[in-house]
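There are 2 protein chains.
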Amino acid sequence: MGAAFDDQLITDVATVVSTEARAFNNGGRAGLDYWTPNINPFKDPRWGRGQETPGEDPFHLSSYVHALIDGLQGGFDPKYKRIVATCKHFAAYDLESWNGNFRYQFDARVDSQDLREYYMPPFQTCARDSNVGSVMCSYNSLNGVPTCADPYLLQTILREHWGWTNEQQYVTSDCDSIQNIYTPHNYTRTRAEAVTAALVAGTDLNCGTYYQQHLPTAYAQGLFNESTLDQALIRQYSALVRLGYFDGSAVPYRNISWADVNTPHAQQLAYKAAAEGITLLKNDGTLPMEITSDMTIAIVGDWANATEQMQGNYLGIAPYLHSPLWAAEQTGARVYYARVPGGQGDPTTDDWLSVPLLAEKADAFIYVGGLDNSVEAEGMDRVSIAWTGGQLDVIDQLAGYGKPMIVMQMGGGQLDSSPIANNPNVSALLWGGYPGQDGGVALLDTITGKNSPAGRLPTTQYPANYVSQIPMTDMTLRPNSTTGSPGRTYQWYTGTPIYEFGHGLHYTNFSASIQSSNRSYSISDLMEGCMEKYKDKCAFQTVNVDVENIGSTISDYVTLAFLTGTHGPEPYPNKRLVAYTRLHNMTAGSTSTANLGLTLGSLARIDEQGNTVLYPGDYALMVDTQPLAMKNFTLTGDPVTLDEWPQPPAPQLQTSDYFVGGYGSTYEENVIAGGTT
Amino acid sequence: MGAAFDDQLITDVATVVSTEARAFNNGGRAGLDYWTPNINPFKDPRWGRGQETPGEDPFHLSSYVHALIDGLQGGFDPKYKRIVATCKHFAAYDLESWNGNFRYQFDARVDSQDLREYYMPPFQTCARDSNVGSVMCSYNSLNGVPTCADPYLLQTILREHWGWTNEQQYVTSDCDSIQNIYTPHNYTRTRAEAVTAALVAGTDLNCGTYYQQHLPTAYAQGLFNESTLDQALIRQYSALVRLGYFDGSAVPYRNISWADVNTPHAQQLAYKAAAEGITLLKNDGTLPMEITSDMTIAIVGDWANATEQMQGNYLGIAPYLHSPLWAAEQTGARVYYARVPGGQGDPTTDDWLSVPLLAEKADAFIYVGGLDNSVEAEGMDRVSIAWTGGQLDVIDQLAGYGKPMIVMQMGGGQLDSSPIANNPNVSALLWGGYPGQDGGVALLDTITGKNSPAGRLPTTQYPANYVSQIPMTDMTLRPNSTTGSPGRTYQWYTGTPIYEFGHGLHYTNFSASIQSSNRSYSISDLMEGCMEKYKDKCAFQTVNVDVENIGSTISDYVTLAFLTGTHGPEPYPNKRLVAYTRLHNMTAGSTSTANLGLTLGSLARIDEQGNTVLYPGDYALMVDTQPLAMKNFTLTGDPVTLDEWPQPPAPQLQTSDYFVGGYGSTYEENVIAGGTT
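Same order as they appear, the protein sequences are chains A and B. Residue numbers for the first sequence, in my numbering: 1 to 677. Residue numbers for the second sequence, in my numbering: 678 to 1354.
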């Protein structure tokens, strides 16, 4: 869904989710408080839960999550919320278990610039711009303070700076992150102090038992006032009020029933979500490939017959799970199947003897493999971003037959596919993520051309040795000659990616032109018309881009708009995404117009204090990764601060009642970041 | 079983294993070729398969494996072997998956001194001294050469130097390690060259399919002669001959039937193996603790109701699995149980609310927890050797009630138990490993005193930050100021262990005296009487140690004999184990004599070339870890080489047909060792 770059799709899917949630609630099978979305940026390719997120780019995440909450909650200020969504994990959570660093005790060290620029945008969108009902504080600590016990995060930023102060908005802890404040964070001397620190900081609800077990003791010790407890309860009961919990049949959602679950519309949407996200990375012209009933197809690989595997990390019970093998069989062709080799953790060659047998007989090969939850999952980060030797061996053996050879790279994170990209005998490479219940059909339809691929990579595909250049624990984004960091994400990575963020080929070609000439803008003029409370939201310009399908195949086209140029603090990012929109079903020769709404915030950059500043300088707006069109413009005048970032408190090593353990425990300090050359 | 330090026990257990194996073979359910034992030294506490091995000390492993093969094969030169044992993994295999280093592609860099001194002794014992039927080459490469393709390892050392040349002795590959030669080791240009390299080096049998798939091509290309293939086949068929495969009912083992499986003797032995290995790490006098039917016991922890968990990494179907909870219930006491918290990967506090409820009611607490196969397993190394915060929190909460509090630390590897050792409210700490089908009973019997603990730690219990001081990939044993390594194993570790190798308390006390006075020996005199083919096997002296049980409780006593002193090449190890024996059932006030047979090899040390040398100098023999007795002696004269180690060939970067990839692939080279400060 991240690869689709289609916000309307996200709202549509989220609306189905919240509709089905109401049906389950009406049936007595579920509550109304949902711990979704995971909206932490997918910063490091090893992150096991990166698969749950839309990708690595903060603008992309913000736009996506706005559309998602719209569907989950039923608009941004509904009389009755469909459900309460929960933006998680606040904040700087993107490490599970890596080289002795565990999410439960990891202390993320992030400066204000990186914090505001990279880690905060999706949460700002949730809280400030989307009226999300709940925010979940995370397991990790941030700059020495466990997030669930951090008044700077939960009060100063979340509630005060972002105005997230509706009475029904509440913070929940991640499961047992209150316990983690006591240990392994060792942030307080006692368990009573740990629950007090969380409650006073503004964590209203505890997933776990520490509040139940230890709040009574803390209260008896006079560590907090009854009004503090009342506040947490008022927030939670107010949320029930806004859900219509007390209003009986006056709530229209009470009519949603089992008939509204697994509807034809929902099934079509599941297919569409899979199809829109499939991303074509390489194609020598073999695709689209007609599969006729007189052909013999060999479908091979640890994902070839994937069913539950297609659902990824968190999942419901699907009405069906159409594997790639199943979908191949529906084409009417003769299909041979071999699972070899068995995934990331399994090198066994037991059934490799079948490979030459089926290879001789087949007219074309489809290899479906890659990652799955045995190597990327909640609680489990990857240690390698390379394909296994066994997988590459089978791919190469099949490719050696010189027949059409299509590789589908699966899983949420990226693998270094350079051995496949560089193998001239591999005809095509597609990335399919975790495509869900109809994933096999979407993949096969993409091969045959029934679906034209138009997805884009939402994360950078790094070379395999990237993981040896930067430890997961390094939270910085910018390249750093001292630490040897080559930088993170397409914005800052100084190396050459295997496939870049936003990469995605089509079965046709597109041209684009921008309906706007190059010119100069005065910052003071721009500010004069800016009446928004949050000045970054003031409009700059809607850039209209005319896109033409100059090939012969119908296709969607994702219009990605990147900004580059010399403005604001150095170093400058390579480029940054400021707008995107997906144009649908463009027939051969047709032209559509993408309307890209840019705000002052789109142009602004973040200074070292985390302030959002509109800077004079040169700007260039580029359409697509290999630009199809470009618009240069200049901003003149003095810099203007659009948003003044609240500064973190000075370290309170001796002054806080709760701050005993210092910056993590001694053990935490001793576990080195690891992995740097 | 490693902690029991009881070679007779090992032979007895192995005899049951081979008896039951024959019953299964006669029943048509199993073959006669068994891929056991894993006898690589447990060098790094993180190693996921360390649990399969007897421990970290090479003498201990050698003595243990000699006893084991005796039982598995039915003596050292039987007319008919009971089964073929397989010493694995040859050699220097002790890493699964750590920080981007995978066993399938890891290149172990080991110099000749460490190789002969540490990694080779158990294999020398298997091949040279125990007539093992088979040896398995490993996944890793050693100094640039995949072990299954290494003629230096498989021909020069294994067959020529150790005289492992009986016609029925063969080498098998680890599963798909032949494929790994091609990729990810990238050691050969083609698949045909990979299978040829393995066959010619002396790998007779391939677990996997690469031989079947690619030997025909290699033969057609003229890469090897038919006689080479014949040699591999002759070895395997000869093994069948020695197993009596062709001799029908003339083989006495043909009479073994299902009645010989799961006998009362086997069940008693399973109990004995568990009981003998249980190791008492801490005791404030609470243990032994009578449990009466009018008591209430709370048994808590992720291992409290362990069943399959007790079996570890590889296992058969047990006739029963008596959990600690089950065993506690058999005492007649009222037993409360709570699983909290749920193991290494599970921090949830969901059922913690039960803790104060049962704690109020109980007269004593038994906490059973630690590691399991969710964090240490084949394919999975640990990244932390600390208890989790959740486990320590529950232990501390229970200890806070001031009632008898017994902690059982479970799992194959060690955890830093200093928070438990240092908590004055924890009465006792036991280590129970993976105790098998009757493990719960053995643990409870040890608490009540029905079994007197006499196990000893077979591995060092390091502080938690040890894992940040040395990467798993560092194969060196000695401390190194350049790399920052604090050294490995009790022989070389320069830090202070939490509990040292060999540590183990009793319910009684022992004194010891050595029946031998201090004196000086002439090396030339010693050599004059040495007529053995392998001179390290020549007797030096049998040291008789009188051990007295000076307490009031019957108990076994493990007599450990360490050697220290200034002789041979610097640096000197802290000490080294040269003999051990277990004295059984010593009643209060009784004396038993331990006969410790020392050889010239016991005294010798290894020089930088890997030669085994008897050096002049000062020696001290110490009984036990905190020495109960000591004998000093001196060797005079010139050093004598007892065993001249075959030197490795010079790197053949350009001369070998097969050596294409250099020392591992480029990717392997780029994955840094990681984890050093």
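All C-beta atoms in this analysis are idealised placements derived from N, C-alpha and C, irrespective of residue type, glycine included. As the structure is a computational prediction, the values presented were derived from the model and not from experiment.
Determine the burial state of residue i: buried for a count of at least 16 other Cβ atoms within 10 Å of its Cβ, exposed for fewer.
i: F682(B); result: buried
i: N932(B); result: exposed
i: K765(B); result: buried
i: Y991(B); result: exposed
i: S1267(B); result: exposed
i: T655(A); result: With a pLDDT of 36 at T655(A), under the threshold of 50, the modelled position of this residue cannot be trusted, and the question is left open.
i: W1322(B); result: buried
i: L749(B); result: buried
i: V13(A); result: buried
i: I550(A); result: exposed
i: D1315(B); result: exposed
i: W47(A); result: buried
i: R919(B); result: buried
i: F753(B); result: exposed
i: L1330(B); result: Low per-residue confidence applies at L1330(B): pLDDT is 47, beneath 50, and the placement is therefore not dependable, though the value from the model is reported in the following sentence. Counting Cβ neighbours within 10 Å, L1330(B) comes out exposed, since fewer than 16 surround it.
i: M531(A); result: exposed
i: E56(A); result: buried
i: F767(B); result: buried
Whose CA, out of the options, lies closest to the CA of residue i?
i: A298(A); options: A359(A), R46(A), L269(A), G277(A); result: A359(A)
i: I1200(B); options: F1310(B), V1255(B), F719(B); result: F1310(B)
i: P647(A); options: I498(A), I157(A), A512(A), T217(A); result: Before going on, a small fix: residue 647(A) reads as Gln here, not Pro. Nearest C-alpha to Q647(A): I157(A).
i: W775(B); options: V467(A), Q515(A), G617(A); result: V467(A)
i: Y859(B); options: R488(A), Q397(A), P435(A), L642(A); result: Q397(A)
i: H161(A); options: N186(A), S141(A), T190(A), D129(A); result: D129(A)
i: G1067(B); options: C530(A), D618(A), P122(A), D176(A); result: D176(A)
i: T203(A); options: T217(A), V171(A), L229(A), Q212(A); result: V171(A)
i: R478(A); options: R488(A), M472(A), N180(A); result: R488(A)
i: P996(B); options: V1255(B), A1265(B), Q1114(B), K1252(B); result: Q1114(B)
i: I955(B); options: L1134(B), P1081(B), A1281(B); result: L1134(B)
i: P453(A); options: N509(A), T482(A), E378(A), P404(A); result: N509(A)
i: S602(A); options: D536(A), E308(A), H584(A); result: D536(A)
i: I845(B); options: D710(B), G962(B), L830(B), N820(B); result: Sequence check: residue 845(B) is Gln here, not Ile. For the residues D710(B), G962(B), L830(B), N820(B), the minimum Cα distance to Q845(B) belongs to D710(B).
With residue i as the anchor, note down where its alpha helix (DSSP H) starts and where it stops.
i: N180(A); result: 177 to 182
i: I523(A); result: 523 to 528
i: T1166(B); result: 1166 to 1169
i: Y741(B); result: 735 to 746
So which residues of chain B does residue i contact, with C-beta pairs closer than 7 Å?
i: W352(A); result: T886, Q890
i: Y182(A); result: D1070
Can you name the residues of chain B whose CB is closer than 9 Å to the CB of residue i?
i: Y104(A); result: P1024, T1065, G1066, G1067
Please list the terminal residues of the continuous beta strand (DSSP E) segment that includes residue i.
i: W1108(B); result: 1105 to 1110
i: L280(A); result: 279 to 283
i: V1045(B); result: 1041 to 1047
Within this structure, are the beta carbons of residue i and residue j separated by less than 7 Å?
i: V368(A); j: G301(A); result: yes
i: V16(A); j: L269(A); result: yes
i: T612(A); j: I606(A); result: yes
i: M1152(B); j: V787(B); result: yes
i: I1097(B); j: P1140(B); result: no
i: I716(B); j: P799(B); result: yes
i: L1106(B); j: L958(B); result: yes
i: S1000(B); j: A1015(B); result: no
What does residue i touch in chain B if you count any residue whose Cβ is under 8 Å from its own?
i: D176(A); result: P1024, T1025, T1026, G1067
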